[in-house]
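Visitor:
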Amino acid sequence: MLYFDSPVRSRAPRVPPSMNDTPGRAENSDPDDVARDAGAARRERLNQLLLSVAQGNQQAFAEFYRLTSSRVFGVIVRMLHDTGEAEDVLQEVYTSAWRRADSFDPARAGAMTWLVTLARNRAIDRLRQHRETQLDDSAAQDLPDDDTPSPAALAEASQERRRLQDCLDQLGAQQRHAVRDAFFSGATYAELAERLSVPLGTMKSWIRRSLMQLKLCLER
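Numbering (the UniProt record's numbering), first residue to last: 1 to 220.
1. Which class does V198 belong to by DSSP, given the choice of helix, strand or coil?
2. Give the C-beta separation of V53 and A119 to the nearest angstrom, bearing in mind that I take them to be a contact with Cβ-Cβ under 8 Å.
3. Tell me the residue span of the alpha helix (DSSP H) that contains N121.
4. With distances taken between CB atoms, is the gap from C217 to Q170 smaller than 8 Å?
5. With 16 as the cutoff for other CB atoms within 10 Å, does E92 come out buried or exposed?
6. So, at 6 Å on beta carbons, what are the nonlocal neighbours of M203 in its own chain, with the 5 sequence-adjacent residues on each side left out?
7. Can you name the start and end residues of the alpha helix (DSSP H) that S103 belongs to?
8. Do L115 and V72 have their C-beta atoms within less than 8 Å of each other?
9. Taking DSSP as the reference, what is the three-state secondary structure of N57?
10. Applying the 10 Å Cβ sphere with the 16-neighbour rule, what's the burial state of residue 238?
11. Within 10 Å of its beta-carbon, does T68 have 16 or more other beta-carbons around it, so buried, or fewer, so exposed?
12. Between W206 and Q59, what straight-line distance do the alpha-carbon atoms span, to the nearest angstrom?
13. Run through DSSP, which three-state label would A193 get?
14. Distance check for L51 and F89, CA to CA, integer angstroms please.
In structure tokens:
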């Protein structure tokens, strides 16, 4: 089961208008403008994080996961109606995101759009494997008609899942659990180090080496 921390809201300090501002301008800012600015800043932050992930930055990957996994998990659960299946698919989505981040182009789509598209396609693959499960109408309305995977695409997805599991099995038991918990359960490096009674630096080294080993294995 995944747990997500609730955002903590704090009141921003009041910033007085500059001498060139019209009196009352700061207090009368349009809430829609503020919301748009905040949304744009968040989108840009996610874009930069995903670009850093493409360079192999594990810290950027952890931050990207923290900022996006709650929404992605919700999309998958809404389509599959099964939290256990959704957790499995979530793991596949972020493993694919780690592997394929270099294909992300912010000029074509934002990072969240790119990630949600990946999640939806993975969820569809899972649904097609369980023919008795009907795609929820409300979820289907959000999906373009050409998202239906071909038999070849289904076979490829199944092969990728087997490859992922095979590559994970090649890691040591502690390293495998550390990678799963760090990126698919939201545990921090400090929490993992405490659980396994190892220094924080050792845990970071484990994660870094394990991710690189996993990436190399999947690219063979």
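All residues carry an ideal CB built from backbone N, CA and C; glycine is no exception.
Guide: A quick look at the data gives this:
1. coil
2. That belief does not hold up - the Cβ atoms of V53 and A119 are roughly 16 Å apart, past 8 Å.
3. A111 to Q129
4. yes
5. buried
6. Y189, L192 and A193
7. Here S103 belongs to no alpha helix (DSSP H), and DSSP marks it neither H nor E.
8. yes
9. coil
10. No answer is possible for residue 238: the residues shown for the chain start at 1 and end at 220.
11. buried
12. 13 Å
13. helix
14. As written in the sequence, residue 89 is Val, which differs from the Phe given in the question. C-alpha separation (whole angstroms): 23 Å.
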